[in-house]
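Participant: The following block contains the structure, expressed as structure tokens.
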Amino acid sequence: MVKKPTNKVYVIGVGMTKFIKPRGQVDYPEIGLEAAVKALNDAKISYDQVEFAACGFCYGDSTCGQRVLYQLGMTQIPVINVNNNCSTGSTALLQARNAVASGMVDCAMALGFERMQRGSLKSNWSDRTAPLDHVHNLNIEQTQPKAGTPRAPLIFGNAGMEYMRRYGATAEHLGKIAEKNHRHSAKNPYSQFRDIYTLDQIMQSPTIYGPLTKLQCCPTSDGAGCSIVASEEFVLKHGLMDQAIEIVAQVMATDSPKMLSTDAIEWVGTDMTRRAAKSAYEQAGITAKDVQVVELHDCFSANELITYEGLGLCAPGEAHKLIDTGDNTYGGKYVVNPSGGLISKGHPLGATGLAQCTELTWQLRRWTGDRQVPNTKYALQHNVGLGGAVVVTIYKKANNNFTQPHVGYNPAVEARPITKADYEKAASKKSNRAEYLAVEAKL
Numbered sequence: 009m010v011k012k013p014t015n016k017v018y019v020i021g022v023g024m025t026k027f028i029k030p031r032g033q034v035d036y037p038e039i040g041l042e043a044a045v046k047a048l049n050d051a052k053i054s055y056d057q058v059e060f061a062a063c064g065f066c067y068g069d070s071t072c073g074q075r076v077l078y079q080l081g082m083t084q085i086p087v088i089n090v091n092n093n094c095s096t097g098s099t100a101l102l103q104a105r106n107a108v109a110s111g112m113v114d115c116a117m118a119l120g121f122e123r124m125q126r127g128s129l130k131s132n133w134s135d136r137t138a139p140l141d142h143v144h145n146l147n148i149e150q151t152q153p154k155a156g157t158p159r160a161p162l163i164f165g166n167a168g169m170e171y172m173r174r175y176g177a178t179a180e181h182l183g184k185i186a187e188k189n190h191r192h193s194a195k196n197p198y199s200q201f202r203d204i205y206t207l208d209q210i211m212q213s214p215t216i217y218g219p220l221t222k223l224q225c226c227p228t229s230d231g232a233g234c235s236i237v238a239s240e241e242f243v244l245k246h247g248l249m250d251q252a253i254e255i256v257a258q259v260m261a262t263d264s265p266k267m268l269s270t271d272a273i274e275w276v277g278t279d280m281t282r283r284a285a286k287s288a289y290e291q292a293g294i295t296a297k298d299v300q301v302v303e304l305h306d307c308f309s310a311n312e313l314i315t316y317e318g319l320g321l322c323a324p325g326e327a328h329k330l331i332d333t334g335d336n337t338y339g340g341k342y343v344v345n346p347s348g349g350l351i352s353k354g355h356p357l358g359a360t361g362l363a364q365c366t367e368l369t370w371q372l373r374r375w376t377g378d379r380q381v382p383n384t385k386y387a388l389q390h391n392v393g394l395g396g397a398v399v400v401t402i403y404k405k406a407n408n409n410f411t412q413p414h415v416g417y418n419p420a421v422e423a424r425p426i427t428k429a430d431y432e433k434a435a436s437k438k439s440n441r442a443e444y445l446a447v448e449a450k451l
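So that you can map any letter, position 39 of the sequence shown is 47 in our numbering, and since no number is skipped, the others follow by simple counting.
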């Protein structure tokens, strides 16, 4: 069991960019700055008050976090760069939260960004052992795929097929997950894709592997997200409790030996999800039945199906029944991925976990307009990276007072770029700014 920290930690500010198709149009310093400025403005603080930062990205050199944050000021705080595969954003959030929960600092930032290459994920290194070589070898030995099959769809597709074989789910259930998430994303201005597709269109889109079609797979994306977390003392001192969201539980887990068994369902980190979810519910003092809204790591529709069970949203072997009853969307027991999820919102690896945090913060504040999940009390976040790490986080509103957005518009329903005035509110005092970065000239 993971011990619960003594000190409460609250999310006080969030922000994100639109998720866009990688075309080389924007670079990581620009998108990282936009997300950070939005989060600082939401928190009503400047960068001078941030005492620690964890910056997540998977594709980039060494100190990209510093390169982004120096645009706000060179305040000499600790900046930690994080890479934990697809769970990078939530890992950065965990680092920031731990810095506050331990009493080391009162205010910390978690920032995640990614500028990706187009097409299926691939390694940049050919002269060293791949971190997922053991899983890839199992996949190839057990399933004998066609040469050139993309690795990620291979792993998740085989897991989905094993679940179907074992419990009676069908390819149509996977298609229904994607249909739901594309439909949800139409109401999210930050989503990479906002088109609504019929189930037939999803099932008839090009086959990627096994039952997975193109519209059931997340795209590569560029984008950024940011969250500011703080101690209770900081929140009270700055009068932020009415907008604060408490992190009531947060647990990271890594793989058990089941990941290297011949069970394809376990190849996608299912056992670490079970472990993290169980510990998170214990920390929060709740069960899955107490949750209303979930942001779940649906890199492929098969992973959403499998993860329903891993998170305890249904009984073992009954994930497809949750779909049949409509208990994964509006009007049902849970609303899973109101943002559109990774399948439709997009998946810039370093930003995904922080975009999930942003959506759930907005949901708990009741800012999300026509995608609002009614009667939200507890929100659950699941962010997984193969190889492996998973972070499960549970949030609730700090009190029963509800405020309106104070930045001049509602960022939950309108995605605006930042202005020079936004930057000036967020940036540190001028004596800490480096003139050579010339941020103001870009805005």
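Every residue, glycine too, gets a C-beta built ideally from N, C-alpha and C.
1. Report the option in N93, L41, K188 and D230 whose CA atom is closest to the CA atom of L330.
2. With C-beta atoms as the reference, is H305 less than 9 Å away from L357?
3. With DSSP as the reference, please indicate the residues paired to S239 in a beta bridge.
4. Could you pull the start and end residues of the beta strand (DSSP E) that F121 belongs to?
5. Determine the DSSP secondary structure at G40, reduced to helix, strand or coil.
6. So, using beta-carbon positions, are N166 and N147 closer together than 9 Å?
7. Restricting to Cα atoms, I'd like to know which of V19, P37, I53 and P30 is closest to D430.
8. Name the two residues that bound the continuous beta strand (DSSP E) containing M260.
9. For N92, write down the residues that DSSP places opposite it in a beta bridge.
10. Please report how far the alpha carbon of R379 lies from the alpha carbon of R441, in whole angstroms.
11. Using the DSSP secondary-structure output, state which residues sit across from E303 in a beta bridge.
12. Let's see if you can read the secondary structure: which residues bound the beta strand (DSSP E) around K405?
13. Could you spell out the range, first to last residue, of the beta strand (DSSP E) harbouring I216?
14. So, is S70 buried or exposed, given that buried needs 16 or more other C-beta atoms within 10 angstroms?
15. Measure the beta-carbon distance from N345 to S98 and round it to whole angstroms, keeping in mind my assumption that it falls under 8 Å.
16. What three-state label does DSSP hand D230 in the structure shown?
17. Use the C-beta contact count for H414: other C-beta atoms within 10 angstroms, 16 or more gives buried, fewer gives exposed.
18. With DSSP as the reference, please indicate the residues paired to T221 in a beta bridge.
19. Looking at the structure shown, is F308 part of a helix, part of a strand, or coil, going by DSSP?
20. Output the distance between the C-alpha atoms of E42 and K428, rounded to the nearest integer angstrom.
21. Find the nearest neighbour of G396 within the set A238, T366, T278 and A387, judged by alpha-carbon distance.
22. On the three-state DSSP scale, how would you describe T323?
23. Should A387 and Q412 be called a contact, given that it needs their Cβ atoms to be closer than 9 Å?
24. If you compare alpha carbons, which of N15, H142 and D50 is closest to V22?
25. Can you check DSSP and say which residues form a bridge with I85?
26. Taking the alpha-carbon positions, what's the I236 to I88 distance?
27. Report the three-state DSSP secondary structure of C66 (helix, strand or coil).
Facilitator: To lay it out plainly:
1. Position 322 of the sequence shown, counted from the first residue, corresponds to residue 330. If we check each option's Cα against that of L330, K188 comes out closest.
2. Counted from its first residue, the sequence shown places residue 305 at position 297. Counted from its first residue, the sequence shown places residue 357 at position 349. Not closer than 9 Å, so no.
3. Counted from its first residue, the sequence shown places residue 239 at position 231. Per DSSP, V17.
4. Taking the first residue of the sequence shown as 1, we reach residue 121 at position 113. C115 to E122 is the extent of the beta strand (DSSP E) around F121.
5. By one-based count along the sequence shown, residue 40 stands at place 32. Three-state DSSP puts G40 in a helix.
6. Indexing the sequence shown from 1 puts residue 166 at position 158. Indexing the sequence shown from 1 puts residue 147 at position 139. Taking 9 Å as the Cβ cut-off, N166 and N147 qualify as a contacting pair.
7. Within the sequence shown, residue 430 is the residue found at index 422, counting from 1. Here the closest residue by C-alpha is I53.
8. Position 252 of the sequence shown, counting from 1, holds the residue named residue 260. From DSSP, the beta strand (DSSP E) with M260 extends over I253 to A261.
9. The sequence position of residue 92 within the sequence shown is 84, counting from 1. Bridge partners of N92: C94.
10. The residue given as residue 379 occupies position 371 in the sequence shown. The residue given as residue 441 occupies position 433 in the sequence shown. In this structure, the CA atom of R379 is about 39 Å from the CA atom of R441.
11. Residue mapping note: residue 303 aligns to position 295 of the sequence shown, counting from 1. The partner list for E303 (beta bridge, DSSP) reads Q389.
12. Translated into the one-based positions of the sequence shown, residue 405 becomes position 397. Residues A397 to K405.
13. Counting from one through the sequence shown, the residue named residue 216 turns up at place 208. Counting along the chain, the beta strand (DSSP E) containing I216 begins and ends at T215 to Y217.
14. Sequence index remark: in the sequence shown, residue 70 carries index 62 (1-based). Here S70 is exposed. Its C-beta has fewer than 16 other C-beta atoms within 10 Å.
15. To locate residue 345, count along the sequence shown from 1; it is residue 337. To locate residue 98, count along the sequence shown from 1; it is residue 90. Contact flag wrong, Cβ pair sits at about 15 Å.
16. Locating residue 230 in the sequence shown gives position 222, where the first residue counts as 1. If DSSP states are grouped into helix, strand and coil, D230 belongs with the strands.
17. Working through the sequence shown from its first residue, we reach residue 414 at position 406. Classification for H414: exposed.
18. As a working mapping, residue 221 is identified with position 213 in the sequence shown. Note: T221 sits in a beta bridge opposite T215.
19. As a first step, residue 308 must be located in the sequence shown, where it is residue number 300. F308 carries a strand assignment under DSSP once its states are collapsed to helix, strand and coil.
20. As a working note, residue 42 is residue 34 in the sequence shown. As a working note, residue 428 is residue 420 in the sequence shown. If you take the alpha carbons of E42 and K428, they lie about 11 Å apart.
21. Within the sequence shown, the letter at position 388 stands for residue 396. If you compare the alpha carbons of A238, T366, T278 and A387 with that of G396, the shortest gap goes to T278.
22. By one-based count along the sequence shown, residue 323 stands at place 315. Thr is not the amino acid found at residue 323; the sequence shown has Ala there. If DSSP states are grouped into helix, strand and coil, A323 belongs with coil.
23. Stepping through the sequence shown from its first residue, residue 387 is reached at position 379. Stepping through the sequence shown from its first residue, residue 412 is reached at position 404. Contact flag unset, no.
24. To locate residue 22, count along the sequence shown from 1; it is residue 14. Ranking the options by Cα distance to V22, first place goes to D50.
25. Within the sequence shown, numbered from 1, the residue matching residue 85 stands at position 77. Answer is none; I85 lacks a bridge partner.
26. Counting from 1 along the sequence shown, the entry for residue 236 is found at position 228. Counting from 1 along the sequence shown, the entry for residue 88 is found at position 80. For I236 and I88, the distance between alpha carbons rounds to 15 Å.
27. Translated into the one-based positions of the sequence shown, residue 66 becomes position 58. Shown here, C66 sits in coil according to DSSP, grouped into three states, outside any helix or strand.
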